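Asks: Handing you a structure now.
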Amino acid sequence: MLMTVFTACSLFSSDDTEQPRELQSIDEQVRLQRVWSASVGNGQGEHYNRLVPAIDGDFIYAAAADGSLAAFNKESGTVRWRQRTRLPIAGGVGAAAGMVLVGTLDARVVAFDQSSGEQLWSSRVSSEVLSAPQTDGRRVVVQTIDGRLIGLDAQSGERLWIYENTVPALSLRGTSKPLLAGNTVVAGFANGLIAAVDASNGFLLWEERVAIPQGRYDIERIIDVDGDPILSGGVVYVSSYQGNLLGLNLQNGQIVWGMPGSSYNTLAMGLGNIYWTDGFSHIKAVQNNTERTVWENDDLRLRKISSPVTFNNFLAVGDFEGYLHILSQVDGRIVGRQRLDRAGIRGNILAEGRTLYVFGNSGRLTALRLP
């Protein structure tokens with residue numbers, strides 16, 4: 001199988017000369033307090049990784065491309081343990097049911113004990129893993145770059161089933177994180193499909209096309225679903241590049257909402273809106289279940305922003321220069337800005353209550369709290 005992958009930032013610009021928009025002064029109304037910060041290896045490394053920490057209970061777990069793995073108390077930042085695994089980590093982190101899970105460039109899924117950091121098992125899969133494996137304590141589900149969704153036994157790592165999908169000739173570098181909801185696994189694929197399978201045996205429950213390839217050339221026909229599916233009120237929301245934004249019934253895949261939109265990031269929801277970012281780093285708010293645009297902000301044009309995340313009444317994104325931007329969910333104005341990592345912020349930001357956890361590209365993990 002011959003497949004070419006592109007990084008997202010190599011495709012999205014209005015022409016060959018336009019530069020990222022310079023930041024303008026803002027009326028700063030929000031200043032987050034830095035609670036703690038810690039270093040985790042070399043962060044995202046040299047590849048276009050989008051490693052994201054994971055929170056489970058009182059702890060947050062983070063991994064770096066050089067194999068560094070660490071657990072911190074999410075309130076104080078106190079180190080619970082550190083491991084130098086030397087694994088080429090590219091997919092992570094998943095954390096649940098007493099396990100910490102990562103995927104690697106050399107096609108492995110590796111499980112560690114949450115309490116000690118000791119390795120529990122390592123399992124070979126079909127190709128490299130670029131998103132976080134997920135578990136419910138019985139099964140581990142992981143998506144590989146060759147279009148396979150794989151179920152593993154959570155206790156042993158033994159393979160239980162494989163669901164296969166076709167992979168186009170050209171693709172963005174990255175895969176969406178599978179959504180594990182009860183006995184259903186939902187995943188998006190590089191061919192523009194989203195599918196739901198039975199978590200016990202991998203049997204297909206339903207599938208729906210999010211995007212249809214158009215254009216004469218392969219590069220015009222890229223339609224990856226790279227943003228993570230999110231679940232709200234029994235509806236799975238998903239986006240695709242050069243395609244659509246959709247809301248689908250978890251049980252049967254029926255489309256309950258949809259509109260045209262091109263995004264390689266994960267959607268966010270809050271205050272009755274759906275928030276999404278396009279390939280030019282414009283941030284948009286759409287009223288849920290409609291196509292009505294509530295507001296749009298292009299102040300960060302071409303700044304390669306991360307997926308949006310909601311907290312309190314605000315929205316947060318990071319950019320390629322390492323700035324964290326805080327926007328009002330009401331009207332989209334930028335009301336706060338702090339620089340956290342000069343190497344940039346690419347991975348998704350985590351929000352829990354009034355606290356944000358930001359993993360910068362250099363490996364700096366920072367917890368910030370709304371006063």
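Going by full-length UniProt numbering, the residue at position 255 of the sequence shown is 255; the numbering climbs one at a time, nothing skipped. Note that beta-carbon positions come from the ideal geometry of N, C-alpha and C, so glycine has one too. Values in this document were obtained by computation on a predicted structure and should not be read as measured data.
(1) Is it true that the CB of Leu324 sits closer than 8 Å to the CB of Gln338?
(2) How is the beta strand (DSSP E) around Gly318 delimited, first residue to last?
(3) DSSP three-state call for Pro229: helix, strand or coil?
(4) Whose C-beta lies closer than 6 Å to the C-beta of Trp257 among residues of the same chain, with five residues either side of it excluded?
(5) Quick one: Cα of Leu180 to Cα of Ala132, how far?
(6) Using the rule of at least 16 other Cβ atoms within 10 Å of the residue's Cβ for burial, across every protein chain shown, is Gln134 buried or exposed?
(7) In terms of alpha-carbon separation, which member of Ala38, Gly92 and Gly91 lies closest to Trp81?
(8) Locate the beta strand (DSSP E) running through Ala244, then write down its first and last residues.
(9) Under three-state DSSP, which class holds Ile349?
(10) Looking at the secondary structure, which residues open and close the beta strand (DSSP E) in which Gly94 lies?
(11) Per DSSP, which residues does Glu164 bridge with? Please list them.
(12) Rank Glu28, Val52, Asp299 and Gln44 by C-alpha distance to the C-alpha of Asp66 and give the top, closest one.
(13) Please go through the same chain and pick out, in chain order, the residues whose beta-carbon is closer than 7 Å to the beta-carbon of Phe12, but skip the five residues on each side of it.
(14) So what's Asn183 in DSSP terms, helix, strand or just coil?
(15) CA-CA distance, Glu28 and Ala316?
(16) Which same chain residues, not among the five before or five after Thr84, have their C-beta less than 7 Å away from its C-beta?
(17) Can you list, in chain order, the residues of its chain with a C-beta nearer than 8 Å to that of Glu46? Leave out the 5 residues immediately preceding and following it.
(18) Rank Gly233, Gln254, Pro260 and Gln251 by C-alpha distance to the C-alpha of Ser239 and give the top, closest one.
(19) Between Val210, Ser200, Pro213 and Gly188, which has its C-alpha nearest Pro229's C-alpha?
(20) Is the region 85-103 touching the region 51-62, taking contact as three or more C-beta pairs under 8 Å?
(21) Taking a contact to mean a Cβ-Cβ separation below 8 Å, would you say Gln329 touches Asn313 in this structure?
(22) Just how far apart, CA to CA, sit Glu128 and Ile222?
(23) Measuring straight from C-alpha to C-alpha, what distance separates residue 397 and Thr78?
(24) Distance check for Arg148 and Ala190, CA to CA, integer angstroms please.
(25) Does DSSP put Phe12 in a helix, in a strand, or in coil?
(26) In whole angstroms, what separates the C-alpha of Leu340 from that of Lys177?
(27) Check whether the region 198-212 and the region 104-122 are in contact - that is, three or more C-beta pairs closer than 8 Å.
(28) For Asn252, count neighbouring Cβ atoms within 10 angstroms of its own Cβ and tell me buried if that reaches 16, exposed if not.
(29) Between the alpha carbons of Arg50 and Arg301, how many angstroms are there, rounded?
(30) Along the chain, where does the beta strand (DSSP E) containing Glu296 start, and where does it finish?
(31) Go ahead and label Thr293 buried or exposed: buried means 16 or more other beta carbons lie within 10 angstroms of its beta carbon, across all protein chains shown.
(32) Applying the 10 Å Cβ sphere with the 16-neighbour rule, what's the burial state of Phe359?
(33) Using only alpha-carbon positions, find the residue among Leu105, Ala285, Gly137 and Arg364 that is nearest to Gly94.
(34) Per the DSSP calculation, Ile60 is bridged to which residue(s)?
(35) Do the CB positions of Gly192 and Tyr163 come within less than 8 Å of each other?
Replies: Based on what the coordinates show:
(1) Yes. Within cutoff.
(2) Phe314 to Gly318
(3) Residue state, collapsed to three classes: coil.
(4) Gly247 and Asn289
(5) 12 Å
(6) buried
(7) Ala38
(8) Note on identity: in this sequence residue 244 is Asn, with Ala being the wrong assignment. Gly243 to Asn249 is the extent of the beta strand (DSSP E) around Asn244.
(9) Note: Ile349 maps to coil in three-state DSSP.
(10) Looking at the DSSP string, the run of the beta strand (DSSP E) that includes Gly94 is Ile89 to Ala96.
(11) BP columns for Glu164 point to Arg148.
(12) Gln44
(13) The predicted model places Phe12 with a pLDDT of 48, which falls under 50 and marks its position as unreliable; any figure quoted below should be read in that light. Cβ neighbours of Phe12 beyond the five flanking positions: Gly279 and Phe280.
(14) coil
(15) 14 Å
(16) Here residue 84 turns out to be Arg, not Thr, going by the sequence shown. Counting only Cβ-Cβ distances below 7 Å, and skipping sequence neighbours, we find Gly67 and Ser68.
(17) Shown here for Glu46: same chain residues with a beta carbon closer than 8 Å to its own, the five before and five after excluded, namely Ala65 in chain order.
(18) Pro260
(19) Of the candidates Val210, Ser200, Pro213 and Gly188, Gly188 places its Cα closest to the Cα of Pro229.
(20) The region 85-103 vs the region 51-62: in contact.
(21) Yes. Within cutoff.
(22) 20 Å
(23) Since the first and last residues shown for the chain are 1 and 371, residue 397 lies out of range.
(24) 11 Å
(25) Unreliable placement is indicated for Phe12, whose pLDDT of 48 sits below 50; no coordinate value is reported for it.
(26) In a straight line, the C-alpha of Leu340 is about 25 Å away from that of Lys177.
(27) Not touching, per the Cβ criterion.
(28) exposed
(29) 20 Å
(30) Thr293 to Asn297
(31) exposed
(32) buried
(33) Gly137
(34) Note: Ile60 sits in a beta bridge opposite Ile55 and Phe72.
(35) Contact: no.
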